[in-house]
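Remarks on the structure that follows.
Protein chains: 2
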Amino acid sequence: MAEELRIGIAGLGTVGASVVQILRRRAASLEKSCGRRLTVAAVSARDRNRDRGLDLDGVAWFDDPVELAASADIDMFVEVIGGEEGPARTAVEKAIGRGLAVVTANKALLAKHGMSLGKLAEETGAPLGYEAAVAGGIPVIKTLREALAGNEIKRVYGILNGTCNYILSQMEQEGLAFETCLAEAQRLGYAEADPTFDIGGFDVAHKLTIIAALAFGVEVNAESVHVEGIEAISLEDLKAADELGYRIKLLGVAQRTAKGVEQRVHPTMVPKDSSIAQVMGVTNAVTIDADAVGELTLIGPGAGGEATASAVLGDIADLAKGNRNNAFGLPAFEFTATVAPAIQEHEGGYYVRLSLQDRPGAAAAIAARLAENNISLESIVQKGPRDERGKIGQGKPVPVVLLTYATSEARIRQSLQTAVGDGYITGKPQVIRIERE
Amino acid sequence: MAEELRIGIAGLGTVGASVVQILRRRAASLEKSCGRRLTVAAVSARDRNRDRGLDLDGVAWFDDPVELAASADIDMFVEVIGGEEGPARTAVEKAIGRGLAVVTANKALLAKHGMSLGKLAEETGAPLGYEAAVAGGIPVIKTLREALAGNEIKRVYGILNGTCNYILSQMEQEGLAFETCLAEAQRLGYAEADPTFDIGGFDVAHKLTIIAALAFGVEVNAESVHVEGIEAISLEDLKAADELGYRIKLLGVAQRTAKGVEQRVHPTMVPKDSSIAQVMGVTNAVTIDADAVGELTLIGPGAGGEATASAVLGDIADLAKGNRNNAFGLPAFEFTATVAPAIQEHEGGYYVRLSLQDRPGAAAAIAARLAENNISLESIVQKGPRDERGKIGQGKPVPVVLLTYATSEARIRQSLQTAVGDGYITGKPQVIRIERE
Numbered sequence: 095m096a097e098e099l100r101i102g103i104a105g106l107g108t109v110g111a112s113v114v115q116i117l118r119r120r121a122a123s124l125e126k127s128c129g130r131r132l133t134v135a136a137v138s139a140r141d142r143n144r145d146r147g148l149d150l151d152g153v154a155w156f157d158d159p160v161e162l163a164a165s166a167d168i169d170m171f172v173e174v175i176g177g178e179e180g181p182a183r184t185a186v187e188k189a190i191g192r193g194l195a196v197v198t199a200n201k202a203l204l205a206k207h208g209m210s211l212g213k214l215a216e217e218t219g220a221p222l223g224y225e226a227a228v229a230g231g232i233p234v235i236k237t238l239r240e241a242l243a244g245n246e247i248k249r250v251y252g253i254l255n256g257t258c259n260y261i262l263s264q265m266e267q268e269g270l271a272f273e274t275c276l277a278e279a280q281r282l283g284y285a286e287a288d289p290t291f292d293i294g295g296f297d298v299a300h301k302l303t304i305i306a307a308l309a310f311g312v313e314v315n316a317e318s319v320h321v322e323g324i325e326a327i328s329l330e331d332l333k334a335a336d337e338l339g340y341r342i343k344l345l346g347v348a349q350r351t352a353k354g355v356e357q358r359v360h361p362t363m364v365p366k367d368s369s370i371a372q373v374m375g376v377t378n379a380v381t382i383d384a385d386a387v388g389e390l391t392l393i394g395p396g397a398g399g400e401a402t403a404s405a406v407l408g409d410i411a412d413l414a415k416g417n418r419n420n421a422f423g424l425p426a427f428e429f430t431a432t433v434a435p436a437i438q439e440h441e442g443g444y445y446v447r448l449s450l451q452d453r454p455g456a457a458a459a460i461a462a463r464l465a466e467n468n469i470s471l472e473s474i475v476q477k478g479p480r481d482e483r484g485k486i487g488q489g490k491p492v493p494v495v496l497l498t499y500a501t502s503e504a505r506i507r508q509s510l511q512t513a514v515g516d517g518y519i520t521g522k523p524q525v526i527r528i529e530r531e
Numbered sequence: 095m096a097e098e099l100r101i102g103i104a105g106l107g108t109v110g111a112s113v114v115q116i117l118r119r120r121a122a123s124l125e126k127s128c129g130r131r132l133t134v135a136a137v138s139a140r141d142r143n144r145d146r147g148l149d150l151d152g153v154a155w156f157d158d159p160v161e162l163a164a165s166a167d168i169d170m171f172v173e174v175i176g177g178e179e180g181p182a183r184t185a186v187e188k189a190i191g192r193g194l195a196v197v198t199a200n201k202a203l204l205a206k207h208g209m210s211l212g213k214l215a216e217e218t219g220a221p222l223g224y225e226a227a228v229a230g231g232i233p234v235i236k237t238l239r240e241a242l243a244g245n246e247i248k249r250v251y252g253i254l255n256g257t258c259n260y261i262l263s264q265m266e267q268e269g270l271a272f273e274t275c276l277a278e279a280q281r282l283g284y285a286e287a288d289p290t291f292d293i294g295g296f297d298v299a300h301k302l303t304i305i306a307a308l309a310f311g312v313e314v315n316a317e318s319v320h321v322e323g324i325e326a327i328s329l330e331d332l333k334a335a336d337e338l339g340y341r342i343k344l345l346g347v348a349q350r351t352a353k354g355v356e357q358r359v360h361p362t363m364v365p366k367d368s369s370i371a372q373v374m375g376v377t378n379a380v381t382i383d384a385d386a387v388g389e390l391t392l393i394g395p396g397a398g399g400e401a402t403a404s405a406v407l408g409d410i411a412d413l414a415k416g417n418r419n420n421a422f423g424l425p426a427f428e429f430t431a432t433v434a435p436a437i438q439e440h441e442g443g444y445y446v447r448l449s450l451q452d453r454p455g456a457a458a459a460i461a462a463r464l465a466e467n468n469i470s471l472e473s474i475v476q477k478g479p480r481d482e483r484g485k486i487g488q489g490k491p492v493p494v495v496l497l498t499y500a501t502s503e504a505r506i507r508q509s510l511q512t513a514v515g516d517g518y519i520t521g522k523p524q525v526i527r528i529e530r531e
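Heads up: the sequence lines are chains A and B, in that order. So the working numbering is basically just the index in the first sequence, starting at one, shifted up by 94. So the working numbering is basically just the index in the second sequence, starting at one, shifted up by 94.
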């Protein structure tokens, strides 16, 4: 049996405390499967006196996580502090720099400094695990990096933010407005007091760019992700989607096209019978399209202390066994700077919801503008004129919902801009991209 | 960079040919992620002259897979011949015996000889990969063995046979009889000429006992699996399930209970809104309940040359990197003989469909028998009297469907036996176990 593995854990929040607890309650099993004893040798957190329900007798305490990362008395460094800069970054760099095995749950750090950390890890031979950084307890990193090594990945898309999926699920199932559902999510602790990072799609962008690097060998770069949040999704959209056989989900999509690797986060229409459409509430899901395996969908908890700790433990066990992978599958030194095609170059189907003025020729004018741009319609639903509250009556705006066959974003935007100029459209057209299996 | 890895592949059927093709088309990427070149050094198959669309120039040919396994010119042995005995077994034992890395897709071999192969592998230090043996392209072995190392598994259940799921899906969606759907499955190549192994549930039992070993540390033993097939499922059952908010799937379920580790394969009622209920056609799915991660569901192709080869390649890449795991997670030498509780000890909800005679007191008599055995009913649906073809009329049998709350198999069977003795029931009661998320 190999020597004991002395683990240093920086950060004792919900995830860190769960990691300590799991290492203890699963000690016997982990020792057998890893072939060595795993011990919590040292920890670091801000407040030594806070009661975390953990017995830390005999565990070395460090006020400074960077000092912990530099300690000669640990063989592995686990970072669950969070944050893209500051002590988390310095400590991880310190540990990788000295060739220590490192496990982190820090998506912000990876999204910002993933490539430089990956390169440093290859230079020093430090293995770097970050399963917990993307989609919580779902083993998407392991699946992309290891299980699908024989595949060329075509597309990865997923529900990567539980807060947004909870809000959209509640709106759809309970018929409640966005603001009501957001407030409820905040009350339940699913959303922060300032929810912008979640509902604006930025959290998904962080996870998506890590996935894109693994799947396509492009540099991790959150800047190359096109991001739209769910703020503008209305009950009307959810109802129209339902009638047309779709659901609306906030998806992160990374896809290889002839023009490069698209990385985009936006509300998306998905067919109601797809695996991903079934995923409701705070649950996350990732679908991978690849040449050999076809389609694979992984569904599970995207957050939570124990679920995230489960992913951290998977990495700890792998590295304890001495198992090694390049952090991003392919050698990080070979990664090319991302050339993300502009969103205008995206090709796909579109959902468009318009309010037309209730006067002759309005619908015909819109149809003509789409036809000019070679856009074919899969369906068109026009209802009687009604006001914003759904009150019916002549002279009020006429709601129209269009589904297009595959076209380009540029054409859709061009058509709608011209149509708005024609003066028949009231308000701003709602445009939602469609993603099919 | 490490030395080239010389791979010997025994079996050049659909899977074997795909493995050769993927190793070639992904050669550059695999070399980078594994840090060494992977080459097809030697192959073995029955007929050297058959055209497989493969260029085998420069690849050593062996008529005998056992000789290939013994060759000094290979560093890894891949077995995709199939069969629990014969050359597949002898060759795998030979390769493991000499400490060679072995990858196999052979579920029958693992289900029968998994423990002895696992022990031999630990003695000789040969790593043994068999991701492709269970659920085709779905990385369920890797997830259980590696990603969930920090979890105590409570239950694993899944759709593990595409033929059965195709038949049940077609019956439900098209309203066709079992025999019609089976014939169509045979025409499409989803079912064998003798379909017993698939539709009788035996194929699922093989996969389930491998999963149970990984999840619970019990010995692989197909004999300890309670097996029922889908032959007795009728359109009436599928319709009744639908009305009650369920679907019927052939599940393999491995579950730790107070009495041991249940391993059972049978048609099962699953709630229509569960992830597993959405899985239609030949697709497979596995749901894992574990203490830290909660619930994880993996959905993907359970068969097919390329999808199975994808799993083989995942193992090849792991072993090429030098990554090592005990074949069954925990050391095989420590596994205890399975004590599988008898199916009579199973506890759960039940669906019961009966035909009652159309005479006073029939329903009351059944209700009394269930009450005697402390069985509570979740719902009871009784329709007007009708014959086997659904023709309504007084004096004809009365179809009754019951859903019970959790009770034991013994109580259900006892109640029904007594009720049959009462003389009110015509025909054999249909009993289907319910599995909830």
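No residue lacks a Cβ here, since even glycine has one placed at the ideal position from N, Cα and C.
Neighbour flag for residue i against chain B, beta carbons, 8 angstroms
| i | result |
| --- | --- |
| A/G231 | yes |
| A/L412 | The residue you asked about is not Leu; residue 412 of chain A is Asp in the sequence shown. Output row for A/D412: interface = yes. |
| A/R418 | yes |
| A/L99 | no |
| A/P221 | no |
| A/E415 | According to the sequence displayed, residue 415 of chain A carries Lys and not Glu. Closer than 8 angstroms: yes. |
| A/G423 | yes |
| A/A431 | no |
| A/I116 | yes |
| A/A241 | yes |
| A/E532 | In the structure as shown, chain A starts at 95 and stops at 531, and residue 532 of chain A therefore has no counterpart that could be examined. |
Of the residues the options, the one placed nearest residue i, counting alpha carbons only
| i | options | result |
| --- | --- | --- |
| B/V406 | B/N420, B/A182 and B/E225 | B/E225 |
| A/L302 | A/T184, A/V228, A/A513 and A/R119 | A/V228 |
| B/R447 | B/I190, B/L148, B/R130 and B/V525 | B/V525 |
| B/A434 | B/A348, B/L392, B/Y444 and B/E325 | B/A348 |
| B/A163 | B/V298, B/E317, B/R119 and B/G102 | B/G102 |
| B/I519 | B/S502, B/G455 and B/L338 | B/G455 |
| B/L413 | B/I116, B/A220 and B/E268 | B/A220 |
| B/D385 | B/A215, B/A111, B/V250 and B/A205 | B/V250 |
Chain A within 8 angstroms of residue i, Cβ atoms only
| i | result |
| --- | --- |
| B/T237 | yes |
| B/G244 | yes |
| B/K485 | no |
| B/L106 | no |
| B/G408 | yes |
Whole-Å CB distance - residue i paired with residue j, under 8 angstroms assumed
| i | j | result |
| --- | --- | --- |
| A/F427 | A/E313 | Not really, about 11 angstroms apart at Cβ, beyond 8 angstroms. |
| B/A306 | B/Q357 | 5 angstroms |
Whether residue i touches residue j by CB criterion (8 angstroms)
| i | j | result |
| --- | --- | --- |
| B/G256 | B/V376 | yes |
| B/G252 | B/G295 | no |
| A/T362 | A/K333 | no |
| B/G231 | B/G105 | no |
| A/R350 | A/F291 | no |
| A/G408 | B/A285 | no |
| A/P365 | A/E531 | yes |
| B/N204 | B/F171 | At residue 204 of chain B the sequence reads Leu, which differs from the Asn that was named. No, the pair does not count as a contact, with Cβ atoms beyond the cut-off. |
Near-chain A residues of the stretch 387-406 of chain B - C-beta to any C-beta below 8 angstroms = V387, G388, E389, L390, T391, L392, I393, G394, P395, G398, E400, A401, A403, S404, A405 and V406
message = Can you pull out the residues from the stretch 362-380 of chain A whose beta carbon lies closer than 7 angstroms to at least one beta carbon of chain B?
response = S369 and Q372
query = Using a Cβ cut-off of 8 angstroms, which residues of the stretch 443-473 of chain B contact any Cβ in chain A, in chain order?
reply = none
ask   = When you check each C-beta in the stretch 120-136 of chain B against every C-beta of chain A, which residues fall closer than 9 angstroms?
value = R120, S123, L124, K126, S127, C128 and G129
task = Below 7 angstroms between beta carbons is the criterion; list the residues of the stretch 187-213 of chain A that meet it against any residue of chain B, in chain order.
result = none
Contacting positions in the stretch 501-529 of chain B - beta carbon closer than 9 angstroms to chain A = none
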